[in-house]
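A.B. asks:
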Amino acid sequence: MFVLVNLKTYPCEPVAVAEAVRDVDESTDARLAVAPQAAHLERVAETGVETWAQHVDPVEHGSNTGHTLAESVADAGAVGTLINHSEQRLKLADIDGSVRAAERAGLETVVCANNPEQIGAAAALGPDAVAVEPPELIGTGTPVSQADPDIVEGAVSAAEAVDDDVSVLCGAGISTGEDVVSADDLGAEGVLLASGVAKADDPRAALEDLVDPL
Ligand code: G3P
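Numbering-wise (the numbering used here), the sequence shown opens with residue 41 and increments by one.
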């Protein structure tokens, strides 16, 4: 299972969380990675943890003030990027452009979507993975894999129908090993989570709990 921890703009210490993700990754068969804010990418990548960006824009080098260039996040040490997170929604043409920009920079891609219909559309753009996250469950602590298992199974079927090389992650409310096992049972190849680790009193213990049953 792939466990991708999105730090959003939570007031956690990114390097400390990154070191915990790196250490727990070394102690399990699961693959763990962390997605800090763009400004923290370089410091986080220096820890040796697998580092992801939270977003890249559909732009090339040039006059794009305030945008996030895929090549720059790659230079900062990111190996992958989220695209179209629920908190950073893009138009379809821009999702396509961001996937192409990430590919150009050699970044792995996870395109987020709300439901199986959107997952099918996202998979058609040829990312490495898609992530289904019902927005109403994000940050609630109520895991999608238990609260809405149909949406996870529907997302897996929708992605497979378009391109069975595109893996499916699920996210929203995931915070325990039991939630990860439920996601695995529903056909997801990984989980995308944030508050369960970034807002935990002890992020390392939260990560250990997440991978414990794997
Ligand atoms: O990107 C992960 C996310 O949106 C889910 O957040 O806090 O429900 O794990 P959370």
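Where a beta carbon is used, it is the ideal one built from N, C-alpha and C, also for glycine.
In the DSSP assignment, what are the bridge partners of G211?
C.D. replies: Note: G211 sits in a beta bridge opposite L232.
A.B. asks: Who are the Cβ neighbours of A207 in its own chain at under 6 Å, not counting the five residues just before and after it?
C.D. replies: The question names Ala, yet the displayed sequence has Ser at residue 207. Closer than 6 Å at Cβ, skipping near neighbours: A169 and E229.
A.B. asks: Any residue with its Cβ nearer than 5 Å to a heavy atom of the ligand G3P should be included. What is that list in chain order?
C.D. replies: N46, I178, G179, G211, A212, G213, L232, L233, A234 and S235
A.B. asks: Give the DSSP bridge partners of R71, in chain order.
C.D. replies: F42
A.B. asks: Give the secondary structure of E173 by DSSP, where H, G and I count as helix, E and B as strand, and everything else as coil.
C.D. replies: coil
A.B. asks: Give a yes or no on whether the C-beta atoms belonging to L132 and A163 are separated by under 8 Å.
C.D. replies: no
A.B. asks: Please list the terminal residues of the continuous beta strand (DSSP E) segment that includes E148.
C.D. replies: E148 to A153
A.B. asks: Could you please give me the residues that DSSP links to I123 through a beta bridge?
C.D. replies: V151
A.B. asks: Hey, out of V89, A70, S222 and V196, whose CA is closest to Q158's CA?
C.D. replies: V196
A.B. asks: Is L44 closer than 8 Å to V150 when the C-beta atoms are compared?
C.D. replies: Yes, Cβ-Cβ distance for V150 and L44 is below 8 Å.
A.B. asks: Taking the DSSP output, what are the residues bridged to T87?
C.D. replies: Paired residues: none, contrary to the question.
A.B. asks: Start and end of the alpha helix (DSSP H) containing R62?
C.D. replies: P54 to E66
A.B. asks: Is it right to say G106 is buried, meaning 16 or more other beta carbons lie within 10 angstroms of its own, or is it exposed?
C.D. replies: exposed
A.B. asks: Straight-line CA distance for H95 to N124?
C.D. replies: 7 Å
A.B. asks: Given a threshold of 16 other Cβ atoms within 10 Å of its Cβ, counted over all protein chains shown, does L122 qualify as buried or as exposed?
C.D. replies: Answer is buried; the Cβ neighbour count reaches 16.
A.B. asks: Under 8 Å by Cβ, that's how I've got L254 and T68 pegged, so tell me the actual separation to the nearest angstrom.
C.D. replies: Correct: roughly 6 Å between the Cβ atoms.
A.B. asks: Beta-carbon separation of V55 and T91 under 8 Å?
C.D. replies: no
A.B. asks: Nearest by alpha-carbon distance to V192: which of D224, G166 and T180 is it?
C.D. replies: D224
A.B. asks: Report yes if the C-beta distance between C152 and S185 is below 8 Å; otherwise report no.
C.D. replies: no
A.B. asks: From E127 to A114, what does the alpha carbon distance come to, in whole angstroms?
C.D. replies: 22 Å
A.B. asks: With DSSP as the reference, identify every bridge partner of A93, one or two as the case may be.
C.D. replies: T121
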